[in-house]
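*Asks:* Residue numbers (the numbering used here), protein chains in the order written: chain A, 2 to 545; chain B, -11 to 301.
Below is the structure:
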């Protein structure tokens, strides 16, 4: 009975998680914050606060969860966590039947998650933010948003594409496809450069279920560890076993998180996810959950047996990892490809705060925000960068600034966004059509969205040129204006020169002025000359 | 600046005269098809500029331009499928005059429905993401009000189309519905364009092809080539708010001019040639109009075109 209710609750939370993810689209104006589950995650909040030494504004949901966990136990894992539910579903459908060598209950294995937690948090204190590798909400958000959703879209599209070619069948399939296309699918098939890495982490977590049910949650998940530590002492909610118990062990076998030891009258409260399955399966109805009665109850709980030595070891490991990552690249040589979303903090702060949840990548309407590989150093793997050839930064869009759960990207208004300089376009005149072929093109100038009183960020000058054949041609040569270009990348995106565009956007470095405010296009000094030296220039038009 | 005021005053004067001539008939906003000259090649409806860009007025102006050509039922027969192609390319609001005015589109869809079309589809192969431009341009809402069907283009429906008369383009991927549909209505906006000087009707068909960025070298010839195969049955040009500089997308308020006109016609060259005059240019000044004319796609000389002027208050 309770088991069924819990399943329904789990499914409802997973569905609302997916619904919010589906709502993570331009213009990101959902009333419920679409990153709600990430805001609920105290691990991400603590790690981000430690790494960045600042408090995040989105603290309230996480604090609420902490308070509830202290009072009621680790219910989040059994009832709410979308990754937990995903594991339950995948286990039910797939991995359960492959589970052969049952791993025995091992407190040693189980304690790993506490050590992992300590390791990551110690690293975070020294501003190494790697929680994205292990934070379940970050993992599940990007897995659904950046892997499974594009996957679903691809499969759906290909299926309906195949049906479309069959006459007769397509009369039925097309209206269905239209519904999918209008309400469920992205308009264009999104791609992700780091699909395999992100997918790898997700897949390993799922496949580990072969060893043990919810292997990840029991043994590895640092959020589970954190919530477990919170729920040991003050919890009002207790499992009680009365004298009817015949010690048959049904409850122990049914216990998902493995919180019941050999003697089933006891349990480990920090492992218990309050699923109350044991209550349901007990053949003699000996198990009850209820409020703790402080003076009457004999505690039937077993405490943690964490070793101080292991704690120290994991803290040292976390510490030792810091230089390994920090020394991996020199900040000065950061790649020109690290074009961060508008509103991004300075590079160091950004790396401290970004938890690679993938929300910004999911919301980006052009698919231009992609996970970095090594462009931003090893420390920056998986952080968002704009890849203009994939998609540009839409001029009026501020969506990514609204969905960042840790404020690595600060929310900007449309007017602010239109001024913040994230990069700079430069023309490769060796390959640009007007310069190298003496043909008009001007796609970059046409596309440039920068709308100021004095015109766009790309202008053109008109020159008469003489070809080898002796023809005189009047050609419009594009020129980028440094003090107007914001680096949105639409010029590179639409440039007809393939595969590498003849106009390339490089990252704005640094992103902040000495006073900490973001650099805007107009902060960049104007060019002395309007463009390259021209021979035989006939006119510089009033740029109509 | 002074020059603009003069022009505006001039047009106002024209409008006033028009109202005077047509008097009460037009004050009611109705011009029956019986009064329209069936041989008219071009209809130019001029709205009262003093009223500004009033939605209802824009719709009335659009309707009267089409009525002056003999009414929508002349083009749209009962049970036919209509494809309306406005310019919805840019992520801009209607005040920025980068996309077709939504009220023009609304009136067009309404007229098609009144002519008992089976289905009125509205679409554009946009430059900025379509989900955003459809919304922000106001056209999605307008089509909904008029009970038309707003559709996203479907990549599968671009088919390589032979262009036998093409000079530079011998074949190109074209949206097949634009070729197969019963009635294709081109609903462009008249605006400035850096490369081609102006974006008008012939240029608007770029929203029915793929790989548009590859059309930009020697664009005038390529547009004329495309026009030999993509032939709208009717062109209804929105010249209500026109963009006079920093086109096709980045105009500021000072670049926008209220011309208050809607131009309707079946001859793509004549419509564009007339619209060019709103920018103080002639058809011959705009490469693709000139080449289209030379290729026999329509009449560029406005003296040879019968223009029916209608004033609407």
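Even for Gly, the Cβ is constructed at its ideal location relative to N, Cα and C. A quick note: this is a predicted structure, and the numbers were derived from the prediction, not measured.
Assign residue 505 of chain A to one of three DSSP states: helix, strand, or coil.
*Replies:* Taking the first chain and counting its residues from 1, one reaches residue 505 of chain A at position 504. Here residue 505 of chain A sits in strand by DSSP.
*Asks:* Give, in chain order, every residue of the region 133 to 148 of chain B whose Cβ lies closer than 9 Å to some Cβ of chain A.
*Replies:* 139, 140, 142, 143 and 144
*Asks:* Mapping the DSSP letters down to three states, classify residue 297 of chain B as helix, strand or coil.
*Replies:* Within the second chain, the letter at position 309 stands for residue 297 of chain B. Of the three classes helix, strand and coil, the one that applies to residue 297 of chain B here is strand, per DSSP.
*Asks:* Report, in whole angstroms, the separation of the C-beta atoms of residue 220 of chain A and residue 287 of chain A, which I expect to be a contact under 8 Å.
*Replies:* What you label residue 220 of chain A is simply residue 219 of the first chain in a count that begins at 1. What you label residue 287 of chain A is simply residue 286 of the first chain in a count that begins at 1. Cβ-Cβ separation between residue 220 of chain A and residue 287 of chain A: approximately 28 Å, too far for a contact (criterion under 8 Å).
*Asks:* Report yes or no: do the region 207 to 219 of chain A and the region 42 to 60 of chain A share at least 3 C-beta pairs separated by less than 8 Å?
*Replies:* A contact between stretches requires three or more CB pairs, one per stretch, nearer than 8 Å, and the region 207 to 219 of chain A fails this requirement with the region 42 to 60 of chain A.
*Asks:* Check whether the Cβ of residue 119 of chain B lies closer than 8 Å to any Cβ atom in chain C.
*Replies:* The structure shown contains no chain C; its protein chains are A and B.
*Asks:* Is the region 350 to 366 of chain A close to the region 395 to 415 of chain A, with three or more CB pairs under 8 Å?
*Replies:* With a cut-off of 8 Å, the region 395 to 415 of chain A and the region 350 to 366 of chain A count as touching, because enough Cβ pairs lie within range.
*Asks:* What is the DSSP secondary structure of residue 73 of chain B, reduced to helix, strand or coil?
*Replies:* Stepping through the second chain from its first residue, residue 73 of chain B is reached at position 85. Reduced to three states, the DSSP call for residue 73 of chain B is strand.
*Asks:* Any Cβ of chain B within less than 8 Å of the Cβ of residue 531 of chain A?
*Replies:* Locating residue 531 of chain A in the first chain gives position 530, where the first residue counts as 1. Here the model assigns residue 531 of chain A a pLDDT of 49, short of 50, so the residue's position is not dependable, and the following value carries that caveat. Not one chain B Cβ lies under 8 Å of residue 531 of chain A.
*Asks:* If we count Cβ pairs, one from each stretch, closer than 8 Å, do we get three or more for the region 213 to 229 of chain B versus the region 432 to 450 of chain A?
*Replies:* Segments in contact, no.
*Asks:* Which residue from B:192, B:222, B:211 and B:72 puts its Cα closest to that of residue 281 of chain B?
*Replies:* Locating residue 281 of chain B in the second chain gives position 293, where the first residue counts as 1. The shortest Cα separation from residue 281 of chain B among B:192, B:222, B:211 and B:72 belongs to B:211.
*Asks:* Among B:75, B:298, B:155 and B:43, which one has its Cα closest to the Cα of residue 175 of chain B?
*Replies:* Walking along the second chain from the start, residue 175 of chain B turns up at place 187. Nearest of B:75, B:298, B:155 and B:43 to residue 175 of chain B, Cα basis: B:75.
*Asks:* Of all the alpha helix (DSSP H) runs that stay within the bounds of the region 177 to 208 of chain A, which reach a length of 4 or more residues?
*Replies:* 196 to 208
*Asks:* Hey, does residue 113 of chain B have any beta-carbon neighbour from chain A nearer than 8 Å?
*Replies:* Your numbering for residue 113 of chain B matches position 125 in the second chain. With 8 Å as the cut-off, residue 113 of chain B does not count as an interface residue toward chain A.
*Asks:* Please list, in chain order, all residues of the same chain as residue 128 of chain B whose beta carbon is under 6 Å from its beta carbon, the five residues on each side excluded.
*Replies:* By 1-based counting over the second chain, the position of residue 128 of chain B is 140. Only 122 and 138 meet the Cβ criterion.
*Asks:* Using a Cβ cut-off of 8 Å (strictly closer), state whether residue 272 of chain A contacts chain B.
*Replies:* Taking the first chain and counting its residues from 1, the one referred to as residue 272 of chain A is at position 271. No, because no Cβ of chain B sits closer than 8 Å to the Cβ of residue 272 of chain A.
*Asks:* Quick one: Cα of residue 183 of chain A to Cα of residue 93 of chain B, how far?
*Replies:* Within the first chain, the letter at position 182 stands for residue 183 of chain A. Within the second chain, the letter at position 105 stands for residue 93 of chain B. Residue 183 of chain A and residue 93 of chain B: Cα-Cα distance of roughly 21 Å.
*Asks:* Under 8 Å between the Cβ atoms of residue 259 of chain A and residue 118 of chain A?
*Replies:* Here residue 259 of chain A is taken as the residue at index 258 of the first chain, counted from 1. Here residue 118 of chain A is taken as the residue at index 117 of the first chain, counted from 1. In this structure, residue 118 of chain A does not lie closer than 8 Å to residue 259 of chain A by Cβ.
*Asks:* Along the region 227 to 241 of chain B, where does the CB come closer than 9 Å to a CB of chain A? Name the residues.
*Replies:* 232, 233, 234, 235, 236, 237, 238, 239 and 240
*Asks:* Put residue 88 of chain A into one of helix, strand or coil per three-state DSSP.
*Replies:* The sequence position of residue 88 of chain A within the first chain is 87, counting from 1. Note: residue 88 of chain A maps to helix in three-state DSSP.
*Asks:* Comparing alpha-carbon positions, which option in B:207, B:48, B:29 and B:32 lies nearest residue 301 of chain B?
*Replies:* For the purposes of this step, residue 301 of chain B is identified with residue 313 of the second chain, where counting begins at 1. Of all alpha-carbon atoms in B:207, B:48, B:29 and B:32, the one lying nearest the alpha-carbon of residue 301 of chain B is that of B:48.
*Asks:* In the DSSP assignment, find the beta strand (DSSP E) that holds residue 180 of chain B and state where it starts and stops.
*Replies:* Taking the second chain and counting its residues from 1, one reaches residue 180 of chain B at position 192. First-last of the beta strand (DSSP E) with residue 180 of chain B: 177 to 181.
*Asks:* Which whole-angstrom value is the C-beta distance of residue 275 of chain A and residue 73 of chain A, which I expect to be below 8 Å?
*Replies:* Mapped onto the first chain, residue 275 of chain A falls at position 274. Mapped onto the first chain, residue 73 of chain A falls at position 72. In this structure residue 275 of chain A is in contact with residue 73 of chain A, their Cβ atoms being roughly 7 Å apart against a cut-off of 8 Å.
*Asks:* Quick check on the DSSP output: the alpha helix (DSSP H) that includes residue 129 of chain B runs from which residue to which?
*Replies:* The residue you call residue 129 of chain B lines up with position 141 of the second chain. Counting along the chain, the alpha helix (DSSP H) containing residue 129 of chain B begins and ends at 127 to 133.
*Asks:* Determine the DSSP secondary structure at residue 437 of chain A, reduced to helix, strand or coil.
*Replies:* Counting from 1 along the first chain, the entry for residue 437 of chain A is found at position 436. Helix.
*Asks:* Whole angstroms is fine: what's the gap from residue 176 of chain A's alpha carbon to residue 194 of chain B's?
*Replies:* Translated into the one-based positions of the first chain, residue 176 of chain A becomes position 175. Translated into the one-based positions of the second chain, residue 194 of chain B becomes position 206. Those two C-alpha atoms are separated by around 27 Å.
*Asks:* Taking Cβ positions, are residue 279 of chain B and residue 271 of chain B nearer each other than 8 Å?
*Replies:* Residue numbering aside, residue 279 of chain B sits at position 291 when the second chain is read from its first letter. Residue numbering aside, residue 271 of chain B sits at position 283 when the second chain is read from its first letter. Result no, Cβ atoms of residue 279 of chain B and residue 271 of chain B do not sit closer than 8 Å.
*Asks:* With a threshold of 8 Å between beta carbons, is residue 145 of chain A in contact with chain B?
*Replies:* On the first chain, residue 145 of chain A is found 144 positions in, with the first residue counted as 1. Residue 145 of chain A does not count as touching chain B.
*Asks:* Within this structure, are the beta carbons of residue 186 of chain A and residue 154 of chain A separated by less than 8 Å?
*Replies:* Stepping through the first chain from its first residue, residue 186 of chain A is reached at position 185. Stepping through the first chain from its first residue, residue 154 of chain A is reached at position 153. For residue 186 of chain A and residue 154 of chain A, yes; Cβs fall inside 8 Å.
*Asks:* Any C-beta of chain A sitting closer than 8 Å to the C-beta of residue 206 of chain B?
*Replies:* By 1-based counting over the second chain, the position of residue 206 of chain B is 218. So yes, residue 206 of chain B belongs to the interface.
*Asks:* Is residue -11 of chain B helix, strand or coil when you go by DSSP?
*Replies:* Translated into positions along the second chain, residue -11 of chain B becomes position 1. Residue placement at residue -11 of chain B cannot be trusted, given a pLDDT of 40 that sits under 50; what the coordinates show is reported in the next sentence. Of the three classes helix, strand and coil, the one that applies to residue -11 of chain B here is coil, per DSSP.
*Asks:* Taking all protein chains shown into account, decide if residue 204 of chain A is buried (16 or more other Cβ within 10 angstroms of its Cβ) or exposed.
*Replies:* Reading the first chain from its first residue, position 203 is the one you call residue 204 of chain A. Exposed: under 16 other Cβ atoms inside 10 Å.
*Asks:* Hey, would you say residue 327 of chain A sits closer than 8 Å to residue 239 of chain A, going by beta carbons?
*Replies:* Residue numbering aside, residue 327 of chain A sits at position 326 when the first chain is read from its first letter. Residue numbering aside, residue 239 of chain A sits at position 238 when the first chain is read from its first letter. The answer is no: Cβ separation not under 8 Å.
*Asks:* Figure out for me which residue from B:248, B:204, B:234 and B:268 has the closest Cα to the Cα of residue 453 of chain A.
*Replies:* Within the first chain, residue 453 of chain A is the residue found at index 452, counting from 1. That would be B:234, whose Cα lies nearest to the Cα of residue 453 of chain A.
*Asks:* Please name the residue in B:296, B:275 and B:125 whose C-alpha comes closest to that of residue 77 of chain B.
*Replies:* Here residue 77 of chain B refers to the residue found at position 89 when the second chain is read from its first residue. Of the candidates B:296, B:275 and B:125, the one whose C-alpha sits nearest the C-alpha of residue 77 of chain B is B:125.
*Asks:* From the beta carbon of residue 361 of chain A, is the nearest beta carbon of chain B less than 8 Å away?
*Replies:* Working through the first chain from its first residue, we reach residue 361 of chain A at position 360. No, because no Cβ of chain B sits closer than 8 Å to the Cβ of residue 361 of chain A.
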